[in-house]
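Asker: Residue numbering for the sequence shown follows the numbering used here, starting at 1 and increasing by one per position. Where is the CB? At the ideal position from N, CA and C, for every residue including glycine.
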Amino acid sequence: MKVIGRLEKVHFPELQLENISAKIDTGAYSSSLHCHHIVKETHDDRAMVRFELLDPDHPDYQEVAFLLPVYKEKKVKSSTGKSQKRIFIQTSISVLGETYTVELSLTNRKAMKYPVLIGRKLLKNRFVVDVSKEYISETQGVREKK
1 MKVIGRLEKV HFPELQLENI SAKIDTGAYS SSLHCHHIVK ETHDDRAMVR
51 FELLDPDHPD YQEVAFLLPV YKEKKVKSST GKSQKRIFIQ TSISVLGETY
101 TVELSLTNRK AMKYPVLIGR KLLKNRFVVD VSKEYISETQ GVREKK
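1. How should Ser137 be labelled, buried or exposed, when 16 other C-beta atoms within 10 angstroms of its C-beta is the threshold for buried?
2. When you compare each of Leu68, Lys85 and Pro69 to Val76 by their alpha carbons, which one comes out closest?
3. Just confirm the distance between the C-beta atoms of Leu104 and Leu33, as a whole number of angstroms; I'd bet it's less than 8 Å.
4. Whose C-beta lies closer than 6 Å to the C-beta of Val70 among residues of the same chain, with five residues either side of it excluded?
5. What are the start and end residues of each continuous beta strand (DSSP E) run of 3 or more residues lying completely inside the region 32 to 118, in chain order?
6. Spatial neighbours of Thr139 within its chain, please: CB distance less than 7 Å, with the 5 preceding and 5 following residues excluded, ordered by chain position.
7. From the DSSP secondary-structure annotation, give me the bridge partner or partners of Gly5.
8. In the DSSP assignment, the beta strand (DSSP E) including Lys124 goes from what residue to what residue?
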């Protein structure tokens, strides 16, 4: 298994999103992605979701609306303890040079410091988290947490 730090840079190739800071959270089961204007639609009897990645204040905001199939919907308990029904998509994520399939809940994380949260479902049997490290992915070097 690979060692991953508490913060990492990740890439979402299918969403044309690179070098996004992600918080690695072993307390969270699922992973989530900061989006806005999240709207569920139906196209040809198929559930779809339209959304914009990040928000206009984020330096990587691209004003691009995505329309992707809804992978699933389920209730998720936030870090504040509040449950909400969220839409999930399935896409690819690159972490430490490897690409995996990930389920992402789409949610407004504007109040959070990091736009991406990586939970246990992606980490399990792939990574060991060293909370004393950050951004191991940057040239595979290690930056000690201060």
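Answerer: Taking the structure as given:
1. Counting the other CB atoms within 10 Å of its CB gives Ser137 a total of 16 or more, which places it among the buried residues.
2. Distance check between Val76 and each of Leu68, Lys85 and Pro69 places Lys85 closest, using alpha-carbon atoms only.
3. Sure, about 5 Å apart at Cβ, within 8 Å.
4. The residues Ala47, Val49 and Ile87, in chain order, have a CB closer than 6 Å to that of Val70 in the same chain once the five nearest residues on each side in sequence are set aside.
5. Here the runs fully enclosed are 46 to 53, 65 to 69, 72 to 77, 83 to 95, 98 to 107 and 116 to 118.
6. Residue confidence for Thr139 is low, a pLDDT of 48 falling below 50, so the modelled location carries little weight; the figure read from the coordinates is stated next. Nothing listed; no residue qualifies.
7. Assignment of beta-bridge partners to Gly5 by DSSP yields Asp130.
8. According to the DSSP assignment, Lys124 belongs to no beta strand (DSSP E), since it is labelled neither H nor E.
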